[in-house]
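The UniProt record's numbering applies: residue 1 is where the sequence shown begins, and numbers increase by one. Backbone N, C-alpha and C define an ideal beta-carbon position, used for all residues, glycine too.
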Amino acid sequence: MFQPVKSTRVYKMPDDPILDAATVERACICQVLRRVTRKVTQRYAAALKPVNLTAGQFTILAALSRNKPVKLSTLADEIGMDRTTLTKDLAPLERRNLVSSIPNKSDRRVRDLKLSENGKDLLRQAHPLWEAAQISSLEKIGDADWTEVRSVLDTLAP
């Protein structure tokens with residue numbers, strides 16, 4: 001079993017390097033974050049189902065809610081996605097005419113993205129649904145300060 005070393009917050013490997021499932025579940029940051037992420041994503045997906053959006057699609061639309069187009073690569077960096085995944089996730093949004101892709105004015109090889117009027121309308125409809133999921137999530141956090149929790153989590157993804 002892992003033994004935390006309090007002074008450095010590092011886990012020591014046990015004498016027997018074979019880990020059991022309970023130890024991994026209790027100690028592994030990745031395992032815990034993946035489990036929690038799946039559950040939180042399911043909560044937001046269920047909330048957004050009436051407007052036929054996934055949690056990821058909502059994130060993209062919300063990130064595009066700005067006054068000017070944004071480069072695909074810039075958007076990918078801002079929301080923590082690689083460009084290939086973002087391109088794949090944009091396809092259904094473009095087919096639904098929620099997002100427009102236009103050539104960049106200074107470099108025609110670069111795609112700029114913007115929220116269409118349909119996208120803005122859907123985002124307005126989705127906002128209260130997202131807000132309900134947000135409130136539910138904040139209630140589950142309880143007395144913890146979300147700003148502090150977010151700050152700690154952000155240290156894992158510099």
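Supposed contact pair residue j and residue i - C-beta distance, whole angstroms, cut 8 Å
i	j	result
residue 57	residue 89	7 Å
residue 113	residue 69	6 Å
residue 98	residue 118	5 Å
residue 61	residue 122	7 Å
Rounded C-alpha distance that separates residue i from residue j
i	j	result
residue 46	residue 130	10 Å
residue 107	residue 71	10 Å
residue 65	residue 29	33 Å
residue 159	residue 134	Residue 159 falls outside the range modelled here, since the chain spans only 1 to 158, and no answer is possible.
residue 44	residue 55	6 Å
residue 79	residue 92	18 Å
residue 152	residue 85	26 Å
residue 144	residue 25	22 Å
residue 59	residue 23	33 Å
Contact with chain B by residue i, beta-carbon distance below 8 Å
i	result
residue 97	Judged by its chain identifiers, the structure shown contains no chain B, having just a single protein chain.
* For the stretch 39-55 and the stretch 121-130, state whether three or more C-beta atom pairs, one from each stretch, are separated by less than 8 Å. => yes
* **Whole alpha helix (DSSP H) elements within the UniProt domain "HTH marR-type" (26-158), 4-residue minimum** => 29-48, 55-63, 72-79, 83-95, 117-141, 146-154
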